[in-house]
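J.: Numbering (full-length UniProt numbering), first residue to last: 1 to 165. Yeah, the Cβ is synthetic: ideal placement off N, Cα and C, and Gly gets one too. Structure in structure tokens, see below.
Rendered as structure tokens:
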């Protein structure tokens, strides 16, 4: 999760929402890294998870990542959860829950939808406070009207109900 958090912090350089992800092989090798780049690339699909999955697939030479783990700082959205299912990733480890767009159990549960052809084991709340704080500070700066000003905010309640906002 610390590597995913480093990716999330790097997203701040391009004023993107600070979400980071890494794809890890069974031996601990990092196969792919990603950070949100929607603003930087002008691409609505440039989410951290999708970019990390793409890089891992290139590294492996196959789209099947069926023995890997995706580690991500925020619960995946429906698009990213769909990409995880399509890549056959068996495990997702997430930091903060997202009660607005989460698709790993908060709003939807795409990752464990039994009508799909692949199901994913989900472990949530890893370094949740740190992951939540990064997002809360980012959005606090936006609410004050400045993309460049970021100050600490109260994390509020934590857990599957949301990342504290």
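Could I get the ranges of all uninterrupted alpha helix (DSSP H) runs contained in the segment 22-82, with 4 residues as the minimum, in chain order?
T.: The alpha helix (DSSP H) runs lying completely inside the segment 22-82 and spanning 4 residues or more are 38-41 and 48-60, given in chain order.
J.: I'd like to know whether the C-beta atoms of residue 127 and residue 120 end up nearer to each other than 7 angstroms.
T.: On the chain shown, position 127 is the one that residue 127 refers to. On the chain shown, position 120 is the one that residue 120 refers to. Result no, Cβ atoms of residue 127 and residue 120 do not sit closer than 7 angstroms.
J.: Alpha carbon to alpha carbon, how far is residue 60 from residue 136?
T.: If you number the chain shown from 1, residue 60 lands on position 60. If you number the chain shown from 1, residue 136 lands on position 136. Roughly 35 angstroms separates the two Cα atoms.
J.: According to DSSP, simplified to helix, strand and coil, what is residue 93?
T.: Taking the chain shown and counting its residues from 1, the one referred to as residue 93 is at position 93. Looking at residue 93 - three-state DSSP - the assignment turns out to be strand.
J.: Starting from residue 121, trace the beta strand (DSSP E) both ways and give me its first and last residue.
T.: Position 121 of the chain shown, counted from the first residue, corresponds to residue 121. Residue 121 -> beta strand (DSSP E) spans 121-123.
J.: Comparing C-alpha positions only, which one of 73, 45 and 15 sits nearest to residue 98?
T.: Taking the first residue of the chain shown as position 1, residue 98 is located at position 98. When only C-alpha atoms are compared, the closest one is 73.
J.: Measuring CB to CB, does residue 77 end up less than 7 angstroms from residue 103?
T.: To locate residue 77, count along the chain shown from 1; it is residue 77. To locate residue 103, count along the chain shown from 1; it is residue 103. Yes, they are a contact pair.
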